[in-house]
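Asks: Dropping the structure in here first, questions after.
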Amino acid sequence: MEAARRAAAEAPPPEPSIIPPFACPYPLNHPRAGVLRFPCALGCGWSHEEWPSAEPFTLPPVPLTASPAECSRIQSEHAAAREDERKQRIEAAIRRHFVEAHSGEEPPARTSWGTP
14 MEAARRAAAE
24 APPPEPSIIP
34 PFACPYPLNH
44 PRAGVLRFPC
54 ALGCGWSHEE
64 WPSAEPFTLP
74 PVPLTASPAE
84 CSRIQSEHAA
94 AREDERKQRI
104 EAAIRRHFVE
114 AHSGEEPPAR
124 TSWGTP
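Reminder that position 76 of the sequence shown reads as 89 in the working numbering, one-by-one numbering, no gaps.
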């Protein structure tokens, strides 16, 4: 436990992001459960929705001779790349919205969830 606390204390601060905290607008029994809604940080009513569970699930190619550590590394890199694509897609939607609806304003950057 102590080692985990030290590692967390020594970790670099999170990178600033324009992605606001998301909301889950649909209950678990709804057909669109799992949708993540990213509202405009200025509160104008616009939002961008992502539905991660509706994206096609793909596995990276893993050589038959790969060790368990190599399999884990390949899968982790694949997951990180998919998450980076999602982040870029959300940021692009937010930037387009600010150009179209809030001309001249920049989306506010946050360093952690809920902290401008």
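Glycine included, every Cβ here is placed at the ideal spot set by N, Cα and C.
Predicted model only: the values in this text are computed from it and were never measured.
1) Rounded to a whole number of angstroms, what is the C-alpha to C-alpha distance between P74 and E118?
2) How many whole angstroms separate the CB atoms of A54 and P120, which I take to be in contact at a CB cut-off of 8 Å?
3) Between the C-alpha atoms of I103 and P76, what's the straight-line distance to the nearest angstrom?
4) Output the residue ranges of the beta strand (DSSP E) runs that lie fully inside the region 39 to 81 and measure 3 residues or longer, sorted by chain position.
5) Is there contact here, the region 16 to 30 with the region 48 to 62, by at least three beta-carbon pairs under 8 Å?
Replies: The relevant details are as follows:
1) Looking up residue 74 in the sequence shown gives position 61. Looking up residue 118 in the sequence shown gives position 105. Taken atom to atom, the span from the alpha-carbon of P74 to that of E118 is near 43 Å.
2) For the purposes of this step, residue 54 is taken as the residue at position 41 of the sequence shown. For the purposes of this step, residue 120 is taken as the residue at position 107 of the sequence shown. Yes, A54 and P120 are in contact; Cβ-Cβ is about 6 Å, under 8 Å.
3) Numbered from its first residue, the sequence shown carries residue 103 at position 90. Numbered from its first residue, the sequence shown carries residue 76 at position 63. Between I103 and P76, the C-alpha separation is close to 33 Å.
4) Runs of beta strand (DSSP E) with 3 or more residues, each lying fully within the region 39 to 81, are found at 49 to 52 and 60 to 63, listed in chain order.
5) No: the two stretches stay apart, fewer than three of their Cβ pairs being nearer than 8 Å.
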